[in-house]
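A.B. asks:
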Amino acid sequence: MTVISVKNVTKIFGKNPNQVLDLVKKGMGKEQLLKETGHTLGLHNISLDIKKGEIFVIMGLSGSGKSTLIRHFNRLIDPTDGQILVDGKNVLSLSIKELEAFRRKKMSMVFQRFGLMPHRTVLQNVAYGLEIQGIPKLERHKIAEEWIEAVGLQGYGHQYPSQLSGGMQQRVGLARALATNADILLMDEAFSALDPLIRSQMQDQLVELQEKLQKTIIFITHDLDEALRIGDKIAILKDGVLSQIGTPAEILTNPADDYVSAFVRDVNRARVLTVDTVMKPPHYRITTDNMERALAEMHRKGHDYGYVIEDDEYRGVVTREDLAQEVAKPGKSPSLFDYADDSSTIVTGHTLEEALPVTLDCDHPVPVVNDEGQLEGVLHPEEVGSALSPEPTNQDDDNDTLPSRAVALEKKAS
Ligand SMILES: Nc1ncnc2c1ncn2[C@@H]1O[C@H](COP(=O)(O)OP(=O)(O)OP(=O)(O)O)[C@@H](O)[C@H]1O
Ligand SMILES: [Mg+2]
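Following my numbering, the numbering of the sequence shown begins with 1204 at its first residue and continues without gaps.
(1) CB residue 1673 to CB residue 1304, shorter than 8 Å?
(2) Does the beta carbon of residue 1282 come closer than 8 Å to any beta carbon on chain C?
(3) Take every Cβ of the segment 1274–1292, pair it with every Cβ of the segment 1205–1220, and state whether three or more of those distances are shorter than 8 Å.
(4) In terms of alpha-carbon separation, which member of 1269, 1552 and 1520 lies closest to residue 1425?
(5) Tell me whether the beta-carbon of residue 1629 lies closer than 8 Å to the beta-carbon of residue 1580.
(6) Evaluate residue 1275 with the Cβ neighbour count: other Cβ atoms within 10 Å of its Cβ, from every protein chain shown; 16 or more gives buried, anything less gives exposed.
(7) Out of 1526, 1524, 1530 and 1520, which has the shortest C-alpha to C-alpha gap to residue 1568?
(8) Taking contact to mean at least 3 C-beta pairs separated by less than 8 Å, is the segment 1571–1587 in contact with the segment 1447–1461?
(9) Grab the span of the alpha helix (DSSP H) containing residue 1462 for me, first residue to last.
(10) Measuring straight from C-alpha to C-alpha, what distance separates residue 1240 and residue 1327?
(11) Hey, could you find the ends of the beta strand (DSSP E) residue 1477 is sitting in?
(12) Drop a sphere of 10 angstroms on the beta-carbon of residue 1242, count the other beta-carbons inside from all chains shown, and report buried for 16 or more, exposed for fewer.
(13) Would you kindly report the start and end of the unbroken alpha helix (DSSP H) that includes residue 1359?
(14) Kindly list the residues whose CB is nearer than 8 Å to the CB of residue 1559, restricted to its own chain and excluding five residues on each side of it in sequence; keep chain order.
(15) Nearest to residue 1414 by alpha carbon, out of 1397, 1403 and 1435?
(16) Rounded to whole angstroms, what is the Cα-Cα separation between residue 1495 and residue 1468?
(17) Quick check: what's the CA-CA separation for residue 1325 versus residue 1248?
(18) Given residue 1313, which residues of its chain have a CB within under 6 Å of its CB, disregarding the five upstream and five downstream residues?
(19) Could you please go through the chain and list the residues whose beta-carbon is closer than 7 Å to any non-hydrogen atom of ligand 2?
(20) What are the start and end residues of the beta strand (DSSP E) that includes residue 1447?
(21) Can you confirm whether the segment 1224–1241 touches the segment 1397–1407 when touching is taken to mean that 3 or more C-beta pairs between the two stretches lie within less than 8 Å?
(22) With C-beta atoms as the reference, is residue 1571 less than 8 Å away from residue 1540?
(23) Distance check for residue 1323 and residue 1421, CA to CA, integer angstroms please.
(24) Which residues bound the alpha helix (DSSP H) around residue 1331?
(25) Given the structure, does residue 1247 come close to ligand 1, in the sense that its CB is under 7 Å from one of the ligand's heavy atoms?
(26) Put residue 1568 into one of helix, strand or coil per three-state DSSP.
(27) For residue 1251, name the three-state secondary structure that DSSP assigns.
(28) Give me the residue from 1252, 1352, 1222 and 1220 with the minimum Cα distance to residue 1447.
(29) Whole angstroms are fine: how far does the CA of residue 1388 sit from the CA of residue 1416?
(30) In the structure shown, what three-state DSSP assignment does residue 1456 receive?
(31) Suppose contacts are defined by Cβ-Cβ distances below 8 Å. Is residue 1311 in contact with residue 1332 by that definition?
(32) Relative to the C-alpha of residue 1373, which residue among 1349, 1401 and 1464 is closest?
(33) Output the distance between the C-alpha atoms of residue 1596 and residue 1584, rounded to the nearest integer angstrom.
(34) On a CA-only basis, which of 1548, 1443, 1502 and 1368 is nearest residue 1250? Give me that one, please.
(35) Quick one: using the 10 Å Cβ neighbour count with 16 as the cut-off for buried, is residue 1486 buried or exposed?
See below:
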């Protein structure tokens, strides 16, 4: 379900945005617009949809328009052109009263520069959103205390923001946003002032929270590793223009342009890509429990190995050679379901880094099995290799032929 829909939004800052809108519509870029008209292009014709329960990350260099974009969502900024729909409702059509309620209940924001009230204690800051929702003091303080603890600031409730470090203030801002229990969280560089350890703890906490509460989270960051770690979707902005929207795997394996490629070049792909994105359908499934029959079929079809499936459940892999030896032994052959070797499998959702040792250790493509024990696909070592190489490769393109490789290399060299 789409929660936020941005439709052809353009934002121009300056004296007469509407007068220069036509120039922008005709394609004038940010630099030229500033030079010729003195107007700053904040966003240019942005369209995107954000789904319920998603962590939607917005990335881009400083000045690319990230803050400008999310400030449109709760109408801190009005677009020069285009529309923003939240739950299907055009935010521009909200009355002042509706807008107030909307900001109070529907969305809460963690600002880039904390936005704490200096004359209020940490506890009062965190409880603020609840106070304006009219929640009684005792109750709102109880809720605020819980969130203060959740962000690791227990004991600081009665201090003032100025007594805290930048990272601690940022956590107060986060606790305040979470305490309001809004469906949508707008987080503008919410973790950037945190040191690495607490930052990665907060990232985990956010993902956990989102899974539990199914909030929709719009998260701005400069840090690609952070984006890849927490994002379900990532949008990359450059000079107010959307370069690409995609899942972390899509961004990594199919960067849309040189700007995105430059972003993803140094990423540790093995830690980000999961086996699901690289696996291929198994070439051959065996569904009989009868060894002789399986062996005959392998002979007939010319397969050297196959994946044994019993009632939709993966039982293991067998090679033709082993089967032939087993069948040649005197007496009745054992059950193929029991005989199949299930020692090397990878569970879906694991990263290539986790899968790599198994892949290297296995002399057939490694089966990828889901939590229900069903075979979802297999992992070929050469596919893993090419997914880990920084060259853009097209996942859906099976003929990753030499010419396309050569072009990719040529591009890199030039
Ligand atoms: N109130 C404003 N008045 C004039 N120009 C503005 C205003 N707000 C933003 N801009 C311009 O819009 C562009 C986008 O700014 P924005 O703050 O959205 O960038 P950002 O991607 O959030 O950058 P950062 O990572 O540094 O926070 C910049 O060129 C900026 O100068
Ligand atoms: Mg910003």
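We treat Cβ as the ideally placed atom computed from N, Cα and C, and that holds for glycine.
C.D. replies: Judging by the given coordinates:
(1) Because the chain spans 1204 through 1617 in this model, residue 1673 falls outside it and cannot be assessed.
(2) Here there is only one protein chain, and chain C is not present.
(3) yes
(4) 1269
(5) It is not possible to answer for residue 1629, since the shown part of the chain is limited to 1204 through 1617.
(6) buried
(7) 1520
(8) no
(9) 1461–1467
(10) 45 Å
(11) Per DSSP, residue 1477 belongs to no beta strand (DSSP E) and is neither H nor E.
(12) buried
(13) Element bounds for residue 1359: n/a, residue is neither H nor E.
(14) 1473 and 1587
(15) 1435
(16) 51 Å
(17) 40 Å
(18) 1376, 1377, 1380, 1390 and 1393
(19) 1269, 1270, 1315, 1391, 1392 and 1423
(20) 1444–1449
(21) no
(22) no
(23) 27 Å
(24) 1325–1335
(25) no
(26) coil
(27) strand
(28) 1252
(29) 12 Å
(30) helix
(31) yes
(32) 1401
(33) Low local confidence applies: a pLDDT of 43 at residue 1596 is under 50, so the model's placement there is unreliable, with the coordinate-based value given in what follows. Cα-Cα distance, rounded: 16 Å.
(34) 1443
(35) exposed
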